[in-house]
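Step one of this worksheet: look at the structure below.
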Amino acid sequence: MDRPRRNVQTGFSSVLRLSRTPFPSVSSYIAISLFISFIALANVLSVFKSQPEIRALLREEILNSSLAFTYDSKNLEYLSSLTVVQLLQYIKGNSPLIWVSINTYFALLAILVKFLVKLTFKELTRQEEVIARHGFLSFLMFSVVFLSVVAGAHQSHRVLPWLIWFGIIGFMTVLHDITYQRFKFALISLLRSLHGLLRCLSSSERFAHSPDTVRHFNYWLDLSVTLATDAIQLLNYTHLMFMSPLGFNITCFFFFYHIKNAYSSIINTLARHRKHNQIFLHIQSTYPVEEAEERDLCIVCWEKLGLSRRLPCGHQFHDWCLMWWLAQDGSCPTCRRAISAPPLMNPQPSIIPGSTTTFRFGGGFGFLRLPSFSIEFSTGTSALNPFLRRRTQNDDSQLIGMANQVHEMFPRISIDVIMEDLRISGSSQATIDNILEGRIGFMAEIGGNNDELRPWGINEMTEDNNELLFDDDDDSSGDDVVSSSDSTFTSSPPHHSASTDSVVTQPTTGDAFNSRITD
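Under the numbering used here, the letters of the sequence shown match residues 87 to 605, in that order.
And the structure:
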């Protein structure tokens with residue numbers, strides 16, 4: 087009789103269950119903290135009532151403490167008789183009550199923040215909540231790392247003043263983030279002062295004849311400031327990580343995290359600048375400069391055209407307006423006609439084709455007769471793809487639904503291209519980011535074709551390339567077969583396929599290992 091299997095709870099399942107547990111909200115934290123504080127206060131009051139002699143002991147401690155050098159005997163005698171001072175002296179000598187008091191202090195600051203936000207800003211938007219939460223978590227991580235360095239493992243008494251100070255700084259940080267986000271959106275609705283209006287009129291009169299110069303200056307100023315800021319942060323955290331006298335400890339993970347963020351920001355900024363420069367050079371070399379009519383306006387910035395670029399469809403736009411538009415969409419802003427793509431300035435390295443190795447076992451093993459089977463190994467770069475990329479966990483219906491949503495946002499991109507990227511990314515948001523950053527779509531088509539009529543938003547996938555995935559599967563004429571008794575080892579040369587996937591690897595599953603057992 088089979089006994090029912092017990093449901094064994096492993097440590098890994100406990101970790102997964104803990105990771106799925108929602109993080110308590112601010113309101114829950116405040117409620118739990120106040121409940122703990124109420125219990126601790128009731129316990130202290132019961133101790134004072136049940137043990138009257140403790141008041142005399144606390145009074146003697148206050149009189150003999152360091153306060154005797156600050157206050158005179160009469161004032162110190164009065165302070166030692168107060169119940170509040172005796173209560174503080176009792177909490178000071180009890181470590182758990184100290185941490186409960188610090189937690190109550192943080193809860194009161196959280197209540198004050200919620201009250202001020204409710205009184206000043208009413209309801210926060212989703213974006214403001216996310217930005218405030220991320221800013222507070224970043225500050226919390228910095229505070230923990232700082233206290234771990236300053237306090238150490240056996241100097242907890244040095245933490246308490248820093249906790250009080252960090253509570254005030256965190257309180258101001260959250261209010262600053264929320265105020266800054268709300269001020270950015272409310273600034274445009276405020277009435278400008280007379281001085282501000284005069285400055286705007288003076289600037290518009292001065293730079294009206296050369297708007298491109300102003301755009302060039304603003305672009306390069308923003309680029310240089312961004313790169314300089316990220317470079318300073320990168321050097322700062324690198325210096326703190328490698329020049330720390332404490333050696334390798336937990337703070338190195340914090341420094342490495344910020345080093346990675348600064349380096350990624352620099353790389354993304356340079357890549358974005360390279361893409362914009364590539365588009366701008368293509369615009370200057372492809373589309374002529376013509377004088378527009380006096381009343382014509384640029385539909386991107388709604389300013390007078392003047393000298394502008396004329397597209398093959400006849401519409402005119404400013405250089406910078408056209409560049410920013412083409413960075414997002416490869417069509418005319420007015421008629422949506424597809425326009426040419428710039429030539430590829432940095433071609434991607436060619437992908438090394440994969441190869442297939444086949445091992446066949448005939449079934450003979452001494453006096454035993456085993457079933458014959460064959461195993462095919464796929465080698466090359468495509469064999470590593472299933473391990474280097476995340477497999478999609480969506481079925482076909484969800485995949486088609488996400489592809490239709492992305493196709494509605496980018497109608498000029500083929501649905502097949504979107505489906506292919508969704509199978510790799512598994513997320514519609516990741517596919518949208520890939521389109522906007524130029525990994526697929528119109529920026530992925532910029533190489534090898536300078537045709538004026540070829541759209542940027544089309545990534546062609548011909549049937550010939552798909553056929554190459556399976557044409558060589560059954561072709562064994564080119565295989566080199568080495569026989570040894572009942573087993574055969576076959577090594578085929580690399581297949582020069584147009585796809586990055588191997589002969590054995592299916593595009594939808596990405597399996598790098600295929601085993602066939604034949605009788």
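Note that the Cβ used here is the ideal one computed from N, Cα and C, for glycine as well.
Residue state for Val386 is assigned as coil, using DSSP reduced to three classes. Secondary structure of Gln172 (DSSP, three-state): helix. At least 8 Å separates the beta-carbon of Gln172 from that of Arg212. The count of Cβ pairs closer than 8 Å, one atom from the segment 199-214 and one from the segment 131-144, stays below three, leaving the stretches out of contact. Secondary structure note for Glu380: it is in no alpha helix (DSSP H), with a DSSP letter that is neither H nor E. Straight through space, the alpha carbons of Asn347 and Leu356 are spaced by roughly 14 Å.
For Ser113, the uninterrupted alpha helix (DSSP H) run begins and ends at 112-136, by DSSP. Counted as a single uninterrupted DSSP element, the alpha helix (DSSP H) harbouring Arg509 occupies residues 501-511. Excluding sequence positions up to five before and after Met409, its CB lies within less than 8 Å of the CB of His362, Ile365, Phe366, Ile369, all in the same chain and listed in chain order. Ranked by Cα distance from Phe496, the options Val230, Phe303, Ser483, Arg422 are led by Arg422. According to the DSSP assignment, Leu393 belongs to the beta strand (DSSP E) that extends over 393-396. For Gln414, no alpha helix (DSSP H) encloses it, and the DSSP letter there is neither H nor E.
When the beta-carbon positions are compared, Ala378 and Gly392 come within less than 8 Å of each other. Under the 10 Å beta carbon count, Ser483 is surrounded by fewer than 16 other beta carbons and is classified as exposed.
The continuous alpha helix (DSSP H) containing Phe201 extends over residues 181-207. For Leu522, the enclosing alpha helix (DSSP H) begins and ends at 514-522.
Around the beta carbon of Arg509, a 10 Å sphere encloses 16 or more other beta carbons of the protein chains shown; the residue is thus reported as buried.
Taking a 10 Å sphere around the C-beta of Leu226, we find fewer than 16 other C-beta atoms and assign the residue as exposed. Under the three-state reduction of DSSP, Phe496 is assigned to coil, being neither helix nor strand. The distance from the Cβ of Leu261 to that of Ala193 is about 17 Å, inconsistent with a contact at the 8 Å cut-off. Listed in chain order, the non-local C-beta contacts of Pro182 below 7 Å within the same chain number zero, local neighbours out to five positions each way being set aside. Annotation for Ile188: Leu249 place their beta carbon closer than 6 Å to its own, counting only its chain and skipping 5 residues before and after. Each residue's CA atom was taken as its position, placing Glu506 and Val492 some 12 Å apart. Non-local beta-carbon contacts of Ile140 in its own chain, meaning distances under 8 Å to residues more than five positions away in sequence, involve Val133, Phe134, Tyr176 in chain order.
Residue pairing by DSSP places Gln402 opposite Arg396 in a beta bridge. Within its own chain, the residues whose Cβ lies closer than 7 Å to the Cβ of Ile385, once the five positions on either side in sequence are excluded, are Pro419, Thr420, listed in chain order. Distance from the Cα of Phe271 is smallest, within the candidate group Arg360, Leu127, Leu210, for Leu210. By the neighbour-count definition (other C-beta atoms within 10 Å, threshold 16), Tyr266 is an exposed residue.
Counting the other CB atoms within 10 Å of its CB gives His344 a total of 16 or more, which places it among the buried residues. Tyr373 carries a coil assignment under DSSP once its states are collapsed to helix, strand and coil. By the neighbour-count criterion, in which 16 or more other beta carbons inside 10 Å mark a residue as buried, Gly256 falls on the buried side. Taking C-alpha positions only, Arg268 is separated from Val112 by approximately 21 Å.
Nearest neighbour of Met258 by Cα position, chosen from Ala516, Ala196, Asn354, turns out to be Ala196. Inclusion of Glu376 and Ser394 in the CB contact set at 8 Å is warranted, their separation being smaller than that value.
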